[in-house]
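Numbering (my numbering), first residue to last: 1223 to 1487. Cβ coordinates follow ideal geometry from the N, Cα and C atoms, glycine included. Below is one structure, written out as C-alpha cells, with a few remarks after it.
Encoded structure:
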C-alpha cells in the first residue's frame, strides 16, 4: 500500500493532475465513482462546495452570507458583495468564477482592481508597469493560487483565459462570455464604476466587492461604490449582499479588531 501511495504522490507532483484512469493504472484496480461524488455534482446549485482546490482542499461558502452570494449570482448577472475585511467576499467571488470556468459556463475570468490605493500613486513607485500594479492585485493572485494548480494557472494567465489587470485597462472593452470581478470597488470614482459596469456583454457575470469603511480616495471624492449601491438597488438582475462580522473567516482576533475599530457591530 505504501509503495502505491507514494506512486500517486509522485504522479500528482509531476503532472499536477490525477484522472480516474491514471489512478486505476497506479493502483491496478477499478475505481467506481458514485454520481454524487463528481465535481460537477458537488459544485452545482444547492451545494456548498464551489471548487476542489489544490491538494484536495474543498473551497466552499462557509457562512450564511457567503451562501447568499452563491445563490444570488446563480439568479442574477450582477452581484454587489459588500462587507469588512476578512468576510471572504473576494475569495468567494473568485471561487464562483473558477467554478464557472471549470464548468465551461464562461470562457474567461477577468479580475480587476483600482490600481491606486492607500494614498500611493503608481507614478512614484519603482519598476515597470507590471511590477507597479502586481502588489495591488496580489490578493486576487493568492485566491487563484489556492484553487488552480500552478502550471495550469500559469497557462491560463499566459493565454489570457484568466486576466488580472487594473481597472483602467477595462476602458473601451466589451467583456462578454466571461466572469468579471471588480475588487476594492470602494476606491472607484463615479465615472470609473459606471465605465466598468457598462463594459458588460450579453453573456457575462459581474461581481463587485467592496468595503465602504475602507475608502482610500481623497476626502472630497465621492466613492463610486456608494453611489452605485444607492441608485442600482431596484434594478432587476442586480443583487446586493451585505456581509458582516458573522462572516469573518480569518483569525478569531480579526473579528474582535474590526469590532474595536467600529467596522462591524
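- Task: Could you tell me if residue 1275 is buried or exposed, where buried requires 16 or more neighbouring beta carbons within 10 angstroms of its beta carbon?
- Result: Working through the chain shown from its first residue, we reach residue 1275 at position 53. Looking at its Cβ environment, which holds 16 or more other Cβ atoms inside 10 Å, residue 1275 is buried.
- Helix or strand or just coil, what does DSSP make of residue 1462? The residue labelled residue 1462 in the question sits at position 240 within the chain shown. Of the three classes helix, strand and coil, the one that applies to residue 1462 here is strand, per DSSP.
- Can you have a look at residue 1358 and say buried or exposed, based on whether 16 or more other CB atoms are within 10 angstroms of its CB? Numbered from its first residue, the chain shown carries residue 1358 at position 136. Looking at its Cβ environment, which holds 16 or more other Cβ atoms inside 10 Å, residue 1358 is buried.
- Task: Report buried or exposed for residue 1406, applying the criterion of at least 16 other Cβ atoms within 10 angstroms of its Cβ.
- Result: Along the chain shown, read from residue 1 onward, the residue named residue 1406 stands at position 184. The residue in question, residue 1406, is buried, as its Cβ has 16 or more Cβ neighbours within 10 Å.
- How about residue 1408 and residue 1389: do their beta carbons lie closer than 8 Å? Position 186 of the chain shown, counted from the start, is the residue given in the question as residue 1408. Position 167 of the chain shown, counted from the start, is the residue given in the question as residue 1389. Contact: no.
- Message: Relative to the C-alpha of residue 1458, which candidate in 1472, 1277, 1273, 1299 has its C-alpha closest?
- Response: By one-based count along the chain shown, residue 1458 stands at place 236. That would be 1299, whose Cα lies nearest to the Cα of residue 1458.
- When DSSP labels each residue in this structure, what does residue 1386 get in the three-state scheme? Along the chain shown, one-based indexing puts residue 1386 at 164. Of the three classes helix, strand and coil, the one that applies to residue 1386 here is strand, per DSSP.
- Three-state secondary structure (DSSP) at residue 1303? On the chain shown, residue 1303 is found 81 positions in, with the first residue counted as 1. In the structure shown, residue 1303 sits in a strand (DSSP, three-state: E or B).
- Query: Measuring CA to CA, which of 1384, 1394, 1469 is closest to residue 1403?
  - Reply: Along the chain shown, read from residue 1 onward, the residue named residue 1403 stands at position 181. When only C-alpha atoms are compared, the closest one is 1384.
- Other residues of its chain near residue 1368: CB distance less than 6 Å, five sequence neighbours each side excluded: The count along the chain shown starts at 1 and reaches residue 1368 at position 146. Once the five neighbours on either side are set aside, the close Cβ partners of residue 1368 are 1275.
- CB of residue 1434 within 8 Å of CB of residue 1454, strictly: Here residue 1434 corresponds to residue number 212 of the chain shown, with the count starting at 1. Here residue 1454 corresponds to residue number 232 of the chain shown, with the count starting at 1. Contact: no.
- Can you tell me the Cα-Cα spacing of residue 1391 and residue 1335, whole angstroms? On the chain shown, residue 1391 is found 169 positions in, with the first residue counted as 1. On the chain shown, residue 1335 is found 113 positions in, with the first residue counted as 1. Between residue 1391 and residue 1335, the C-alpha separation is close to 10 Å.
- Quick one: complete alpha helix (DSSP H) runs, 4+ long, within the segment 1284 to 1332? 1286 to 1297, 1311 to 1324
- Roughly how many angstroms lie between the CA atoms of residue 1478 and residue 1484, to the nearest whole one? Here residue 1478 refers to the residue found at position 256 when the chain shown is read from its first residue. Here residue 1484 refers to the residue found at position 262 when the chain shown is read from its first residue. About 10 Å.
- Is the beta carbon of residue 1285 less than 8 Å from the beta carbon of residue 1471? Counting from one through the chain shown, the residue named residue 1285 turns up at place 63. Counting from one through the chain shown, the residue named residue 1471 turns up at place 249. Result yes, Cβ atoms of residue 1285 and residue 1471 sit closer than 8 Å.
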